[in-house]
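Here the structure comes first, spelled out in structure tokens, and everything after it is commentary.
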Amino acid sequence: MLKLNQANHQAKNENILGWALALPASFLLVMLYLLPITWVILMSLTNYELGAISFDWVGLRNFSKALEDEVFLRSFRNTFLYVALVLPSSIFLGLGIAILIHARKRTRSIYEVIYFLPVTSTLIAMATVFQFLLHPKLGPVNYLLTSIGIEAISFISDPQWVIPTLSVIGLWQLVGFNMILFLAGLSSIPEELYEAAELDGANGPIDRFIRITWPMLGPTTLFVMVTSCITAFKVFDTVATLTQGKSGSEVLLYALYLEGFQYFKMGYAAALTLVFLFFILILSIVQSRLIEKKVHYV
Amino acid sequence: MKINSSLMHAASHCVLIIGALFMLMPFIWMLCTAFKPPQEIFEASLWPFPKNFYGFQHFNEVIKSAPIGKYMLNGVIVCAGILFVQLLVAIPAAYALAKINFTGREFLFICILGALSVPIQATSLPLYIAMSASNLLNTYFAQMLPFFLSMFAIFLLRQNFKSFPDEIIHAARLDGMNELEIVWRVVTPSAIPAITAFAIFSLVAHWNDLYWPLIVISSTELAPPPLGMLLFASAESGANYGALMAGATLITTPMVLAFLIARRRFIQGITMTSFR
Numbered sequence: 031m032l033k034l035n036q037a038n039h040q041a042k043n044e045n046i047l048g049w050a051l052a053l054p055a056s057f058l059l060v061m062l063y064l065l066p067i068t069w070v071i072l073m074s075l076t077n078y079e080l081g082a083i084s085f086d087w088v089g090l091r092n093f094s095k096a097l098e099d100e101v102f103l104r105s106f107r108n109t110f111l112y113v114a115l116v117l118p119s120s121i122f123l124g125l126g127i128a129i130l131i132h133a134r135k136r137t138r139s140i141y142e143v144i145y146f147l148p149v150t151s152t153l154i155a156m157a158t159v160f161q162f163l164l165h166p167k168l169g170p171v172n173y174l175l176t177s178i179g180i181e182a183i184s185f186i187s188d189p190q191w192v193i194p195t196l197s198v199i200g201l202w203q204l205v206g207f208n209m210i211l212f213l214a215g216l217s218s219i220p221e222e223l224y225e226a227a228e229l230d231g232a233n234g235p236i237d238r239f240i241r242i243t244w245p246m247l248g249p250t251t252l253f254v255m256v257t258s259c260i261t262a263f264k265v266f267d268t269v270a271t272l273t274q275g276k277s278g279s280e281v282l283l284y285a286l287y288l289e290g291f292q293y294f295k296m297g298y299a300a301a302l303t304l305v306f307l308f309f310i311l312i313l314s315i316v317q318s319r320l321i322e323k324k325v326h327y328v
Numbered sequence: 363m364k365i366n367s368s369l370m371h372a373a374s375h376c377v378l379i380i381g382a383l384f385m386l387m388p389f390i391w392m393l394c395t396a397f398k399p400p401q402e403i404f405e406a407s408l409w410p411f412p413k414n415f416y417g418f419q420h421f422n423e424v425i426k427s428a429p430i431g432k433y434m435l436n437g438v439i440v441c442a443g444i445l446f447v448q449l450l451v452a453i454p455a456a457y458a459l460a461k462i463n464f465t466g467r468e469f470l471f472i473c474i475l476g477a478l479s480v481p482i483q484a485t486s487l488p489l490y491i492a493m494s495a496s497n498l499l500n501t502y503f504a505q506m507l508p509f510f511l512s513m514f515a516i517f518l519l520r521q522n523f524k525s526f527p528d529e530i531i532h533a534a535r536l537d538g539m540n541e542l543e544i545v546w547r548v549v550t551p552s553a554i555p556a557i558t559a560f561a562i563f564s565l566v567a568h569w570n571d572l573y574w575p576l577i578v579i580s581s582t583e584l585a586p587p588p589l590g591m592l593l594f595a596s597a598e599s600g601a602n603y604g605a606l607m608a609g610a611t612l613i614t615t616p617m618v619l620a621f622l623i624a625r626r627r628f629i630q631g632i633t634m635t636s637f638r
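In order, the protein sequence lines correspond to chains Z and H. Positions 31 to 328 (the numbering used here) are the ones given, in order, by the first sequence. Positions 363 to 638 (the numbering used here) are the ones given, in order, by the second sequence.
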């Protein structure tokens, strides 16, 4: 009886203690996540504008409006084009560089530093540098093009070129990050596998790659794919610095930023937020499934 | 066979060096242009290095027209404040989730996992409305508040604390230590490597963040480096690329230097983001 009482007492103590320690975090969780997201969902059903005295409930009209909004649709297409350009290139180049660097012994860390440098640098500042490099008259890229007889290209103000240009900058920033993830994957492949494959007659580097490296890197590759997809989907900084959405270069987050914080159309911006969040959450669910899987592999 | 392998070796170096040049090119041009006289900048060429050294005149120009030092200071204040509160909040919560068996623990952990992938862009509208209603816009506090709770820190440290031996905690309790002392003086020191990695991740992420400062800060007095750079770039109308490149150099230098000094920890800390 006494023991039971004691156990009861201890359980009660643990309840108080646990919640007391987690209290600040729980409070912030409610204030910074649960309430704001509920607010966004409710607001997406209204036509509220910041500073307006009243608002109406408009049901799902904000969402149907988005489907007819030329700017939103363009931002949607641009974002997907951007992802479609950045994703494969950053994965293949990241993997290729990782394989080459992995085979180096003495120079490995130098290459690692060089390729990783763009990941840590402030993208806004570097975007300005790219603006200069790609300048139609002053930049070396167009100087090179005109000197070999190609007409100068307005990489940033020509609607045809602007998204591919932004993707090259995105690729430049992302490739080193993916390289490091692939390097981690490569180091976890046991050397014996290659030796065994050699006995089986796999000799050339391509043979080794197809039979060992690629299948063993499967989980890493999937994981890098989803992570890069999330990063690319959130493209914002380069657009805000280089184009401010001009020349038809709006991306999803920039359109959202304009509607919410420049035009203050909160109801409509909330609907766009939910569209953005929907994609991010789907990708994140896939990502966490992959992390669980990856734990089994390693 | 031998010749073949050294040929492969040379070829792989060639590819890596070409790639490395592409990665470094923006940095090289930025630095060189910052030291070029204006007339050389206006003659486009493929040769990045200045023919006549222009000294620090572009840099002087930048420092006169934009409070770069102030931007850096703002960045330091905001990043340090965010990191401090993040750890203050996350460490006790992570300890509770790892070591204390309380009702609702599972529920709280699932909520945290759910919020882990919610980016600032998803909550920025209501946070902005609430801050504007309570006159908090254009303050350091507004820049920091949304990031005070790091789900990632809780998640990471919970994993870390879980492997901490229960016996030591029990012994500390018998010694008369209270639970807060146990958290801060017994368990926390054991997680220093994880905390360091998280600190680097947090500092880099918030030092380079543009989205949120762009929304809540409109005065140059409070702008962190990325927003400062944006303001400076839009103020430099025309093509004063010498000054722009000098500004970009000043803005990028602290992070790049920190990275070069502690590159192992940086790579570890930043690639951790992929596991959030």
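For every residue, glycine included, the Cβ atom is placed at its ideal position computed from N, Cα and C.
Inset, instruction - Taking only the alpha-carbon atoms, compute the straight-line gap between Z:His326 and H:Ala605 and give it to the nearest angstrom. - result: Here residue 326 of chain Z refers to the residue found at position 296 of the first sequence. Here residue 605 of chain H refers to the residue found at position 243 of the second sequence. Residue confidence is low: Z:His326 scores 44 on pLDDT, short of 50, so the model does not pin down where it sits. Its coordinate-derived value is still stated next. Cα to Cα, Z:His326 sits roughly 53 Å from H:Ala605.
Inset, instruction - Please name the residues in the segment 555-588 of chain H whose beta-carbon is closer than 8 Å to at least one beta-carbon of chain Z, in chain order. - result: Val566, Trp569, Asn570, Leu572, Tyr573, Leu576, Ile577, Pro587 and Pro588
Legend entry - Cβ-Cβ separation, Z:Phe212 to Z:Leu247 (assumed contact under 8 Å), whole Å: Position 217 of the first sequence holds residue 247 of chain Z. Position 182 of the first sequence holds residue 212 of chain Z. Going by Cβ atoms, the distance from Z:Leu247 to Z:Phe212 rounds to 7 Å, so yes, they are a contact pair.
Inset, instruction - Tell me, please, whether the CB atom of H:Met363 is closer than 8 Å to any CB atom in chain Z? - result: One-based indexing of the second sequence puts residue 363 of chain H at position 1. Its pLDDT being 46, under 50, H:Met363 is placed unreliably by the model, and the measurement read from it follows with that caveat. Not one chain Z Cβ lies under 8 Å of H:Met363.
Legend entry - Within-8 Å CB hit, H:Gln401 to chain Z: Taking the second sequence and counting its residues from 1, the one referred to as residue 401 of chain H is at position 39. With 8 Å as the cut-off, H:Gln401 does not count as an interface residue toward chain Z.
Inset, instruction - Indicate the three-state DSSP secondary structure (helix, strand or coil) for H:Arg626 in the structure shown. - result: As a position in the second sequence, residue 626 of chain H is number 264, starting the count at 1. If DSSP states are grouped into helix, strand and coil, H:Arg626 belongs with the helices.
Legend entry - Validate contact between the segment 198-207 of chain Z and the segment 255-267 of chain Z using beta carbons, cut 8 Å, 3 pairs: yes
Legend entry - Minimum C-alpha distance to Z:Ser56 - residue among H:Glu529, H:Gln448 and H:Phe560: By 1-based counting over the first sequence, the position of residue 56 of chain Z is 26. Nearest of H:Glu529, H:Gln448 and H:Phe560 to Z:Ser56, Cα basis: H:Gln448.
Inset, instruction - Compare the beta carbon distance of H:Leu386 and Z:Ile144 with 8 Å and say whether it is the shorter of the two. - result: Start at 1 with the first residue of the second sequence, and residue 386 of chain H comes out as number 24. Start at 1 with the first residue of the first sequence, and residue 144 of chain Z comes out as number 114. Cβ atoms of H:Leu386 and Z:Ile144: closer than 8 Å.
Legend entry - the segment 474-494 of chain H touching the segment 537-552 of chain H, judged by at least three CB pairs closer than 8 Å: no
Legend entry - When Z:Tyr224, Z:Val305 and Z:Val149 are compared against Z:Leu286, the one with the closest alpha-carbon: Indexing the first sequence from 1 puts residue 286 of chain Z at position 256. Of the listed residues, the one whose Cα sits closest to Z:Leu286 is Z:Val305.
Legend entry - Three-way DSSP call (helix, strand, coil) for H:Trp574 in this model: In the second sequence, residue 574 of chain H corresponds to position 212, counting from 1. DSSP places H:Trp574 in helix when its eight states are reduced to three.
Legend entry - Residues that Z:Trp87 bridges to, as DSSP identifies them: Walking along the first sequence from the start, residue 87 of chain Z turns up at place 57. In DSSP, Z:Trp87 forms a bridge with Z:Thr76.
Inset, instruction - Could you please give the first and the last residue of the uninterrupted alpha helix (DSSP H) stretch that includes Z:Leu130? - result: Counted from its first residue, the first sequence places residue 130 of chain Z at position 100. Note, Z:Leu130: alpha helix (DSSP H), Glu100 to Ala133.
Legend entry - Against chain Z: residues of the segment 365-383 of chain H by CB proximity under 7 Å: Ser374, Val377, Leu378, Gly381 and Ala382
Legend entry - Helix, strand or coil at H:Ser427 [DSSP, three-state]: Here residue 427 of chain H refers to the residue found at position 65 of the second sequence. It is helical.
Inset, instruction - Would you mind listing the beta strand (DSSP E) stretches within the segment 212-266 of chain Z that are 3+ residues and don't spill past its ends, in chain order? - result: none
Legend entry - First through last residue of the alpha helix (DSSP H) which encompasses Z:Val171: Position 141 of the first sequence holds residue 171 of chain Z. Pro170 to Ser177 is the extent of the alpha helix (DSSP H) around Z:Val171.
Inset, instruction - Output the distance between the C-alpha atoms of H:Ala624 and H:Asn366, rounded to the nearest integer angstrom. - result: For the purposes of this step, residue 624 of chain H is identified with residue 262 of the second sequence, where counting begins at 1. For the purposes of this step, residue 366 of chain H is identified with residue 4 of the second sequence, where counting begins at 1. Taking the straight line from one Cα to the other gives about 38 Å.
Inset, instruction - Assign Z:Ser218 to buried or exposed, taking buried as 16 or more other Cβ atoms, counted over all protein chains shown, within 10 Å of its Cβ. - result: Translated into the one-based positions of the first sequence, residue 218 of chain Z becomes position 188. Flag for Z:Ser218 reads exposed.
Legend entry - Under 8 Å between C-beta atoms of H:Met591 and Z:Thr195: What you label residue 591 of chain H is simply residue 229 of the second sequence in a count that begins at 1. What you label residue 195 of chain Z is simply residue 165 of the first sequence in a count that begins at 1. Not in contact: H:Met591 and Z:Thr195 (Cβ atoms no closer than 8 Å).
Inset, instruction - State the Cα-Cα distance for the pair Z:Glu280 and H:Leu589, rounded to the nearest angstrom. - result: Counted from its first residue, the first sequence places residue 280 of chain Z at position 250. Counted from its first residue, the second sequence places residue 589 of chain H at position 227. Cα to Cα, the separation comes out at about 19 Å.
Inset, instruction - Answer yes or no: the CB of H:Asn497 versus the heavy atoms of the ligand COA, is any distance below 7 Å? - result: Looking at this structure, you won't find the ligand COA or any other ligand, since it has none at all.
Inset, instruction - Count the other CB atoms, across all protein chains shown, that sit within 10 Å of the CB of Z:Gln317; report buried if there are 16 or more and exposed otherwise. - result: Working through the first sequence from its first residue, we reach residue 317 of chain Z at position 287. By the neighbour-count rule (16 or more Cβ atoms within 10 Å), Z:Gln317 is buried.
Legend entry - Close Cβ partners of H:Met363 (< 6 Å) along its chain, the five nearest in sequence each way excluded: Your numbering for residue 363 of chain H matches position 1 in the second sequence. Because H:Met363 carries a pLDDT of 46, less than 50, the predicted location of this residue cannot be relied on, and the following value inherits that uncertainty. Excluding positions up to five away in sequence, the list is empty.
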